[in-house]
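Participant: Let me give you the structure first, and then I'll get to my questions.
Residue numbers (the numbering used here): 214 to 627.
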């Protein structure tokens, strides 16, 4: 899983195509972020079915399974979420480009130009007006507010969330580089697009690449593949065989613990987390041979936690909270904090929102004047990690739902 979900934006794609404002910033040989996202989503779907068929031999491409899903079954949906976010940034970019050519006179004019209707229009209008009240010029305000068209805008129905989100976006705007209002707004858009794109690519390169290496190794292995053979014969760069074996044996001993182990930094101090990927593939092989569905599902869940830890701890965290801020960006951590209450992912037919997760936990500050979803930050590892584990548990209740795979996004700007 990479990142938070965003609602499909058919109106955005239509608008970009109709207006003919397609950006040609990228050279023909250099893929756009959305083109990368499409390739990544398709790549994950391919791996999900290959690995899923090991755990459930009856699974066919395009089909579904009631066996507990492996990490790669979650990945296409998380990737699609990032793509929907990038589609939202594309819409915001076009709003900014249109405003540079012809400034709007009212928020309503701006929303007409974006083609927004219904409740979504009302929410974006409300956020735009709030940003205007904080001194942000109208064009910049509506451009920033349009970023939420791809998110869980229903969360803004809580006035506490709307207030906190407005204040955070306003603070980001005033801290943004650039002198002109639209330049400042564009800094927010650029920051979000890069964050989503870099996270998407980093995770797929590392974990998607590892999954492909494992499946290729398995396909060429002679004789029966066993967990022991995975631990002794399969390797990944930087993984340490002794560490992978220790993690595997720990998982066998604790797969049925409640809660399932997840604090791996204290469990495996000093471990190179790529070793967890080798252990996870061995656990998937062990699950394939498990004597009961209960034992099988427990082993798959442990493998999923190992892969997800590597994903979030090593690959996503440096992208979401970099040590050095780029000069043309706003703070990535602060921007992710602003959108955290609005995050949503559709894992097939299973809907996850960060707001649901936040409300399921004790109120962090106990203050009734602040909404729990605004008290977390997706850029903070533990806030993100425990939210993802919550999503896993939700999805495990409806495993077949995850096999309703997303339709990869086509970049409307190319």
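Virtual Cβ for every residue (Gly too), placed ideally from N, Cα, C.
1. Return the bridge partner residues of residue 566 from the DSSP annotation.
2. Under the rule that 16 or more other beta-carbon atoms within 10 Å means buried, what is residue 352, buried or exposed?
3. Using the C-alpha atoms, what's the distance from residue 347 back to residue 380?
4. Could you check the C-alpha separation between residue 399 and residue 507 for me, to the nearest Å?
5. Have a look at residue 581 and residue 592 and give me their C-alpha separation to the nearest angstrom.
6. Do residue 354 and residue 345 have their CB atoms nearer than 7 Å?
7. Within the chosen definition, does the stretch 278 to 297 reach the stretch 243 to 263 through at least 3 CB pairs nearer than 8 Å?
8. Residue 474 to residue 459, Cα distance in whole Å?
9. Look up residue 373 in the DSSP assignment and say whether it is helix, strand or coil.
10. May I ask you to report which of helix, strand or coil DSSP gives residue 454?
11. Could you please give the first and the last residue of the uninterrupted alpha helix (DSSP H) stretch that includes residue 429?
12. Measuring only the C-alpha atoms, how far is residue 546 from residue 268?
13. In chain order, what residues of the same chain have a beta carbon less than 7 Å from the beta carbon of residue 576, not counting five sequence neighbours either side?
14. Count Cβ pairs between the stretch 410 to 426 and the stretch 245 to 259 that sit closer than 8 Å; are there 3 or more?
15. Report, in whole angstroms, the separation of the C-beta atoms of residue 449 and residue 465, which I expect to be a contact under 8 Å.
16. If I follow the unbroken alpha helix (DSSP H) through residue 339, where does it start and stop?
17. State the CB to CB distance for the pair residue 485 and residue 532, rounded to an integer number of angstroms; the pair is presumed to be in contact (CB under 8 Å).
18. Does the separation of the CB atoms of residue 457 and residue 492 fall below 7 Å?
19. Whole angstroms is fine: what's the gap from residue 306's alpha carbon to residue 446's?
20. Using a Cβ-Cβ cut-off of 7 Å (strictly less than) and excluding sequence neighbours within five positions of residue 541, which residues of its own chain qualify?
21. Assess, as a yes-or-no matter, whether the stretch 288 to 303 is touched by the stretch 604 to 621 under the definition of 3 or more beta carbon pairs within less than 8 Å.
22. Does the distance from the C-beta atom of residue 377 to that of residue 566 stay below 7 Å?
23. Looking only at its own chain, which residues have a Cβ that is under 7 Å from the Cβ of residue 602, when we skip the five neighbours before and after it?
24. Could you tell me whether the stretch 595 to 610 touches the stretch 555 to 572, using the rule of 3 or more Cβ pairs below 8 Å?
25. Provide the residue span of the alpha helix (DSSP H) that contains residue 192, from first to last.
26. Could you spell out the range, first to last residue, of the alpha helix (DSSP H) harbouring residue 441?
27. Can you tell me the Cα-Cα spacing of residue 520 and residue 437, whole angstroms?
28. Sorted by chain position, which residues of the same chain lie with C-beta nearer than 7 Å to residue 526's C-beta, five sequence neighbours on each side aside?
29. Measure the CB-CB distance between residue 413 and residue 557 and report whether it falls below 7 Å.
Facilitator: Per the coordinate set shown:
1. 557
2. buried
3. 8 Å
4. 50 Å
5. 24 Å
6. yes
7. yes
8. 14 Å
9. helix
10. helix
11. 422 to 433
12. 38 Å
13. 585
14. yes
15. About 20 Å; that fails the 8 Å criterion.
16. 331 to 346
17. Contact doesn't hold; Cβ gap of about 19 Å is too wide.
18. yes
19. 49 Å
20. 390, 400, 403
21. yes
22. no
23. 475
24. yes
25. Past the edges of the chain, shown from 214 to 627, lies residue 192, and the structure says nothing about it.
26. 440 to 446
27. 24 Å
28. 486, 594
29. no
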